[in-house]
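**Student:** Take the sequence shown: its letters are residues -16 to 193, numbered as in the numbering used here.
Cβ atoms here follow ideal geometry from the backbone N, Cα and C, with glycine treated the same way.
I am attaching a structure below and will ask some questions about it afterwards.
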Amino acid sequence: AFPLIYLAALTVGYFYSALDGKELLTERDLSVFFIPPRILWIESVKNLEWPLWNPYIYAGHPLLATLQPGVFYPVNIILLLLPFDAAFNLSIIVHFFLAGVFGYLLLKELKAGFTGSLLGALIFMLSGYLFSTHNVMSTLFSAAWAPITLMLLLRAVKKGSAGYAALTGVTLAVMFTGGGIEVVFAAVILLGVAAAFPSAIDPDASSEDY
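Encoded structure:
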């Protein structure tokens, strides 16, 4: 419980000024490619309409069938429950927390100690990579799920568990709906390596373990 509380407190403390939505966590691509489509599909859903089409880009553009707006991404339920500005910021902030939690769980699976796992989680959560991808939020959303997907795959291989294999597929599907397709492709390659050569991911792995 302590790692979850610590990571949550750190996330809230770091992003405290953005939690009320008075200022948007936006720059570069967010204001053009991410915010308008989200507002459009949220309004459509609230009006009980299918968000099939974006008529405001060129001569029209698919909305439901485009990954970046994240219509099917589960975490985006936040956008339907809260005022948009606060929900938009929170949808970004929560992924830094998830990245930390999932990073911690992966490192524990790789037999790291408590301190090492927590430090590793913090390094990933506050990494330059994640902060640099927040302006391409689909990449951030998908990347946050990568550690837990790898952890579940390692458990599936280690235990020969169909249940963990199914959960791996679920988290991979969540990554896909997040919209960061390049992250999904990279994850699939990594999962393939982990499944075929688990010791390449876990140095302590042995044939008896796997």
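(1) Which word fits Trp33, buried or exposed, when buried means at least 16 other C-beta atoms lie within 10 angstroms of its C-beta?
(2) Report the CB separation of Leu35 from Glu92 in whole angstroms; it is logged as a contact under 8 Å.
(3) If you scan the region 84 to 114 from start to end, which runs of the alpha helix (DSSP H) of 4 or more residues do you find wholly inside it?
(4) Quick one: grab the DSSP three-state call for Pro52.
(5) Less than 8 Å between the CB atoms is what I'm expecting for Met108 and Ala82, so what's the real figure, rounded?
(6) Between the region 97 to 116 and the region 17 to 28, can you find at least three pairs of beta-carbon atoms closer than 8 Å?
(7) What is the DSSP secondary structure of Ala1, reduced to helix, strand or coil?
(8) For Trp24, which three-state DSSP category applies?
(9) Can you list, in chain order, the residues of its chain with a C-beta nearer than 6 Å to that of Thr199? Leave out the 5 residues immediately preceding and following it.
(10) Can you confirm whether the region 138 to 157 touches the region 39 to 46 when touching is taken to mean that 3 or more C-beta pairs between the two stretches lie within less than 8 Å?
(11) Less than 8 Å between the C-beta atoms of Asp3 and Ala70, yes or no?
(12) Can you list, in chain order, the residues of its chain with a C-beta nearer than 7 Å to that of Gly163? Leave out the 5 residues immediately preceding and following it.
(13) Rounding to the nearest angstrom, what Cα-Cα distance links Tyr147 and Gly103 in this structure?
(14) What's the call for Ile184, buried or exposed, on a 16-neighbour Cβ count within 10 Å?
**Tutor:** Concretely, from the data shown:
(1) exposed
(2) Actually they are not in contact, since the Cβ atoms of Leu35 and Glu92 sit about 41 Å apart, beyond 8 Å.
(3) 97 to 108
(4) coil
(5) 5 Å
(6) no
(7) helix
(8) helix
(9) Within the shown structure, residues of the chain are numbered from -16 to 193, placing residue 199 beyond reach of any answer.
(10) no
(11) no
(12) Ser121, Thr122, Phe124, Ser125, Ala126
(13) 24 Å
(14) buried
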